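Participant: Handing you a structure now.
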Amino acid sequence: MKIAKLYSFNDIRIEDVPVPEIGTKDALIKTKACGICSGDVMPWYIEKKAPLVPGHEPSGEIVEVGRDATSFKPGDRVFVHHHAPCFTCRYCKRGDYVQCDTWRNTRIIPGGISEYILIPEINLKNDTLNLSDNLSYEDGTLIEPAACVVKALKRADIKHGDTVLIIGLGVMGQINVLLSGKYGAGKIIGADMVPFRLQKAREFGACEVIDVSKHNLIDALKDITDGEMADIVIVGPNSVDVMKQGISAVSSGGSVLFFTPAKPGEQLTIDPNDLYFRDINIITSYSCGPADTAEALDIIEQGTIRAELLVTHRLPVEKTAEAFRLTADARDSLKSIILFD
1105 MKIAKLYSFN DIRIEDVPVP EIGTKDALIK TKACGICSGD VMPWYIEKKA PLVPGHEPSG
1165 EIVEVGRDAT SFKPGDRVFV HHHAPCFTCR YCKRGDYVQC DTWRNTRIIP GGISEYILIP
1225 EINLKNDTLN LSDNLSYEDG TLIEPAACVV KALKRADIKH GDTVLIIGLG VMGQINVLLS
1285 GKYGAGKIIG ADMVPFRLQK AREFGACEVI DVSKHNLIDA LKDITDGEMA DIVIVGPNSV
1345 DVMKQGISAV SSGGSVLFFT PAKPGEQLTI DPNDLYFRDI NIITSYSCGP ADTAEALDII
1405 EQGTIRAELL VTHRLPVEKT AEAFRLTADA RDSLKSIILF D
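Quick note, the working numbering runs 1104 ahead of the 1-based positions in the sequence shown.
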């Protein structure tokens, strides 16, 4: 089978390897599509895992199941999460699935950008979902990224009518735009420097957009909100400088959500008294768990998010490196996906 293997960010090779052999409780899928995540194109993040088969947003058709695997059958169309929790540890009992040791240590084999994928028993049991007939495999690739936004917005605890500022309007920012209203936002404001993405945010429900290549973010936000600023600020870029801007952009009593980690070595220096006397919450949101993927699937089935809205580039496995470049360039693209025959 064909795989894409990343040795470094600028060295992605297409290789032929044997199809994995499944165990008695595992399953094998023929991959139909796999998305490229914004996390995949942060060189410091992906290269520390190299060499690896990248991709963690696959969907496909089950072609083989082990004799003791009873929940799925050949022919089932599925989304599979690359991590799955145990459901029994203290973290799982609190709903903090991403802190579960089992969640952190599970994986799909060999990775998402692979012609076939082995789904281990734990992933098959605890975070593999059937796709309904009205969903495409491309729709299936959006479950994991949508679930990350579902988790983030729930952690942000948006109140009905809140003003939400979303900084960074790549595909994850756009999903935040699409879903913020569903979770209660009254006014959605997007900020970016790419005209294509600013226009998409308007199409997807942003009331206002700020072109930060032309306007100071804080000054523009003051004008839009009559000085009230934003109740919730979602910071997308992996930059401490943008995180600081997010803190400056939030209103008293509001919350700043860091959707992405900072670059290694960066330090966020804050005035604790500014946070204290303004009652500011700083929230993080890392990845997602089974409750989030199930909710994301429901949202996609309702049509709020669909591939036809977000997928801008479709490429064969042989052009995986090009898909990575498109995603990293962050220009006139949102979601790039790899399609398999």
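Heads up, the beta-carbon is just placed ideally off N, CA and C, and yes, glycines get one too.
All values reported here derive from a predicted model rather than from experimental measurement.
Just verifying my parser: in three-state terms, what is the DSSP assignment at E1161?
Facilitator: Numbered from its first residue, the sequence shown carries residue 1161 at position 57. If DSSP states are grouped into helix, strand and coil, E1161 belongs with coil.
Participant: Looking only at its chain, what residues have a beta carbon closer than 8 Å to the beta carbon of V1157, apart from the 5 residues adjacent to it on each side?
Facilitator: The count along the sequence shown starts at 1 and reaches residue 1157 at position 53. Only I1107, A1108, K1109, L1110, P1214, G1215, G1216, I1217 and S1218 meet the Cβ criterion.
Participant: Please name the residue in S1240, N1230, S1163 and R1171 whose C-alpha comes closest to that of Y1220.
Facilitator: For the purposes of this step, residue 1220 is taken as residue 116 along the sequence shown, with counting starting at 1. Per the Cα distances, S1163.
Participant: Using only CA atoms, which one of G1369, R1435 and G1350 lies nearest to F1362?
Facilitator: Against the sequence shown, residue 1362 aligns to sequence position 258. Among G1369, R1435 and G1350, the Cα nearest to that of F1362 is on G1350.
Participant: In whole angstroms, give me the CA-to-CA distance for T1053 and I1322.
Facilitator: The displayed coordinates of the chain run from 1105 to 1445. Any statement about residue 1053 would go beyond what the structure contains.
Participant: Taking only three categories from DSSP, how would you classify F1308?
Facilitator: Taking the sequence shown and counting its residues from 1, one reaches residue 1308 at position 204. Annotated three-state conformation of F1308 is coil, per DSSP.
Participant: What distance in whole Å lies between the Cβ atoms of A1334 and I1293, which are believed to be in contact at a cut-off of 8 Å?
Facilitator: Looking up residue 1293 in the sequence shown gives position 189. Looking up residue 1334 in the sequence shown gives position 230. Indeed, because the Cβ distance is near 7 Å, the residues count as touching under 8 Å.
Participant: Can you say whether R1181 is buried or exposed, counting buried as having 16 or more other CB atoms within 10 angstroms of its CB?
Facilitator: Your numbering for residue 1181 matches position 77 in the sequence shown. When all chains shown are included, R1181 counts as buried.
Participant: Determine the closest residue to I1386 out of P1189, I1338 and S1437, with distance taken between C-alpha atoms.
Facilitator: Taking the sequence shown and counting its residues from 1, the one referred to as residue 1386 is at position 282. Checking every option, the nearest Cα to that of I1386 belongs to I1338.
Participant: Below 8 Å on the Cβ atoms is my guess for A1188 versus T1210; work out the distance and round it to an integer in Å.
Facilitator: Here residue 1188 corresponds to residue number 84 of the sequence shown, with the count starting at 1. Here residue 1210 corresponds to residue number 106 of the sequence shown, with the count starting at 1. With 8 Å as the limit, A1188 and T1210 qualify as a contact, their Cβ atoms being about 5 Å apart.
Participant: Grouping DSSP H, G and I as helix and E and B as strand, with all else coil, what is F1191?
Facilitator: Residue mapping note: residue 1191 aligns to position 87 of the sequence shown, counting from 1. Under the three-state reduction of DSSP output, F1191 falls in the coil class, being neither helix nor strand.
Participant: I believe F1201 touches G1393 by the beta-carbon criterion, under 8 Å. Please report the beta-carbon distance rounded to the nearest angstrom.
Facilitator: In the sequence shown, counting from the first residue as 1, residue 1201 sits at position 97. In the sequence shown, counting from the first residue as 1, residue 1393 sits at position 289. Looking at the sequence provided, one finds Tyr at residue 1201 rather than Phe. Confirmed, Cβ separation roughly 3 Å.
Participant: Who pairs with V1354 in a beta bridge, going by DSSP?
Facilitator: Working through the sequence shown from its first residue, we reach residue 1354 at position 250. Answer is A1334, bridged to V1354.
Participant: Pairing CB atoms from the segment 1432-1441 with CB atoms from the segment 1264-1278, are three or more of them under 8 Å?
Facilitator: yes
Participant: With respect to 7 Å, is the separation between the Cβ of F1308 and the closest non-hydrogen atom of the ligand FAD below this value?
Facilitator: The model on display carries no ligand, and the ligand FAD is accordingly not part of it.
Participant: Does A1137 have its Cβ less than 8 Å from a Cβ in chain D?
Facilitator: Going by chain labels, chain D is absent from the structure shown, which holds only one protein chain.
Participant: For S1343, which residues in the same chain have their Cβ closer than 8 Å to its Cβ, ignoring the five residues on either side in sequence?
Facilitator: Position 239 of the sequence shown holds residue 1343. By the criterion of a C-beta distance shorter than 8 Å, S1343 is surrounded in its chain by A1366, K1367 and E1370, once the five residues flanking it on both sides are discounted.
Participant: Along the chain, where does the alpha helix (DSSP H) that runs through E1412 open and close?
Facilitator: Counted from its first residue, the sequence shown places residue 1412 at position 308. Start and end: A1411 to L1414.
Participant: Measure the Cβ-Cβ separation of N1227 and I1212 and say whether it is below 8 Å.
Facilitator: Translated into positions along the sequence shown, residue 1227 becomes position 123. Translated into positions along the sequence shown, residue 1212 becomes position 108. Closer than 8 Å, so yes.
Participant: So does the segment 1144-1158 actually touch the segment 1189-1200, counting three or more Cβ pairs closer than 8 Å?
Facilitator: Not touching, per the Cβ criterion.
Participant: Give every residue of the same chain whose Cβ lies closer than 6 Å to the Cβ of P1224, excluding the five residues on either side of it in the sequence, and list them in chain order.
Facilitator: As a first step, residue 1224 is located in the sequence shown; it is residue number 120 there, counting from the start. The answer, listed in chain order, is D1130.
Participant: When you compare only the Cα positions, how much space is there between C1204 and K1197?
Facilitator: Stepping through the sequence shown from its first residue, residue 1204 is reached at position 100. Stepping through the sequence shown from its first residue, residue 1197 is reached at position 93. Roughly 10 Å between the two C-alpha positions.
Participant: Within a Cβ cutoff of 6 Å, which residues of the same chain sit near E1422, ignoring the five residues on either side of it in sequence?
Facilitator: Reading the sequence shown from its first residue, position 318 is the one you call residue 1422. Closer than 6 Å at the Cβ level, and outside the excluded window around E1422, lie I1118.
Participant: Relative to the C-alpha of A1098, which residue among D1396, G1358 and S1352 is closest?
Facilitator: One cannot answer for residue 1098 here, as it falls past the ends of the chain, which runs 1105 to 1445.
Participant: Since H1185 and E1242 should fall inside the 8 Å C-beta cutoff, what is the C-beta to C-beta distance between them, to a whole number of angstroms?
Facilitator: Reading the sequence shown from its first residue, position 81 is the one you call residue 1185. Reading the sequence shown from its first residue, position 138 is the one you call residue 1242. Rounded, the Cβ-Cβ distance is 17 Å, inconsistent with contact.
Participant: Cα-Cα, which of H1160, E1161, G1159 and P1178 is closest to V1167?
Facilitator: As a working note, residue 1167 is residue 63 in the sequence shown. Closest by alpha carbon: P1178.
Participant: Consult DSSP for N1227 and reduce its assignment to one of helix, strand or coil.
Facilitator: Indexing the sequence shown from 1 puts residue 1227 at position 123. N1227 falls in the helix class under three-state DSSP.
Participant: If you count every other CB in all the chains shown that lies within 10 Å of the CB of P1341, and 16 or more means buried, which is it?
Facilitator: To locate residue 1341, count along the sequence shown from 1; it is residue 237. Burial is judged here by how many other beta carbons sit within 10 angstroms of a residue's own beta carbon; P1341 has at least 16 and is buried.
Participant: Taking S1389 and R1259 to be in contact with their CB atoms under 8 Å, please state how far apart those CB atoms are, rounded to whole angstroms.
Facilitator: Your numbering for residue 1389 matches position 285 in the sequence shown. Your numbering for residue 1259 matches position 155 in the sequence shown. That belief holds up - the Cβ atoms of S1389 and R1259 are roughly 5 Å apart, short of 8 Å.
Participant: CB-CB under 8 Å to V1298, same chain, minus the five flanking residues each way: which ones, in chain order?
Facilitator: The residue labelled residue 1298 in the question sits at position 194 within the sequence shown. If we look at V1298 and ignore the five residues flanking it on each side, its Cβ neighbours are L1273, A1434, R1435 and D1436.
Participant: Would you grab the beta carbon distance between L1443 and R1418 for me? Rounded to a whole angstrom, and I think it's under 8 Å.
Facilitator: Translated into positions along the sequence shown, residue 1443 becomes position 339. Translated into positions along the sequence shown, residue 1418 becomes position 314. Their Cβ separation, rounded to whole angstroms, is 5 Å, which keeps L1443 and R1418 in contact under 8 Å.
Participant: Let's test the definition: count the other Cβ atoms within 10 Å of the Cβ of L1372 and tell me whether it reaches 16, buried, or not, exposed.
Facilitator: As a first step, residue 1372 must be located in the sequence shown, where it is residue number 268. Counting Cβ neighbours within 10 Å, L1372 comes out exposed, since fewer than 16 surround it.
Participant: If contacts are defined as beta-carbon pairs under 8 Å, then G1244 and L1235 qualify, I think. What distance do you get, rounded to the angstrom?
Facilitator: By 1-based counting over the sequence shown, the position of residue 1244 is 140. By 1-based counting over the sequence shown, the position of residue 1235 is 131. Indeed they touch by this definition, with Cβ atoms about 5 Å apart.
Participant: By DSSP, does Y1380 sit in helix, in strand, or in coil?
Facilitator: Against the sequence shown, residue 1380 aligns to sequence position 276. Y1380: helix per DSSP, three-state reduction.
Participant: Could you please give the first and the last residue of the uninterrupted beta strand (DSSP E) stretch that includes R1117?
Facilitator: In the sequence shown, residue 1117 corresponds to position 13, counting from 1. That run of the beta strand (DSSP E) goes D1115 to D1120.
Participant: Report the three-state DSSP secondary structure of V1275 (helix, strand or coil).
Facilitator: For this step, residue 1275 is matched to residue 171 along the sequence shown. Three-state result, V1275: helix.
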